[in-house]
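To keep things clear, I will list the structure first and then write my remarks on it.
In UniProt numbering, the protein residues as written are 1 to 92.
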């Protein structure tokens, strides 16, 4: 069985092996990351404007602790990987 992409043809086995390797890499990276990261670190990794926009539009939730504001790392990674529509007005 072959899978045809616009620019090439690959075997099903090649496709699934490549996909499995990419998934394993992402899972390993996720396992090595903390569950929560500080607001300062979130701004540093994802950009202050992005984090503030995601928070303002309700796409990410912050967790307030005494003297700290934190975000779930997985939520931020998901938004980082999502194609953003900057022209869409936020829900009110």
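Where a beta carbon is used, it is the ideal one built from N, C-alpha and C, also for glycine.
I need the boundaries of the beta strand (DSSP E) containing residue i, first residue and last residue.
i, result
"residue 36", "36 to 38"
"residue 4", "2 to 4"
Among the options, which has the Cα closest to the Cα of residue i?
i, options, result
"residue 39", "10, 30, 62, 8", "62"
"residue 81", "35, 32, 26", "26"
"residue 46", "71, 3, 66, 11", "71"
Looking at the unbroken alpha helix (DSSP H) that takes in residue i, where does it start and where does it end?
i, result
"residue 18", "12 to 32"
Please state whether the Cβ-Cβ distance between residue i and residue j is less than 8 Å.
i, j, result
"residue 23", "residue 15", "no"
**Item:** beta strand (DSSP E) segments (min. 3 residues) lying fully within the region 54 to 88
**Value:** Counting whole runs of 3 or more residues, the region 54 to 88 contains the beta strand (DSSP E) stretches 62 to 65, 68 to 72.
**Prompt:** Pairing CB atoms from the region 16 to 32 with CB atoms from the region 42 to 62, are three or more of them under 8 Å?
**Reply:** In this structure the region 16 to 32 does not lie against the region 42 to 62, because fewer than three pairs of beta carbons, one per stretch, are closer than 8 Å.
**Asked** Between the region 46 to 55 and the region 69 to 88, do three or more beta carbon pairs fall short of 8 Å?
**Response** The region 46 to 55 is in contact with the region 69 to 88.
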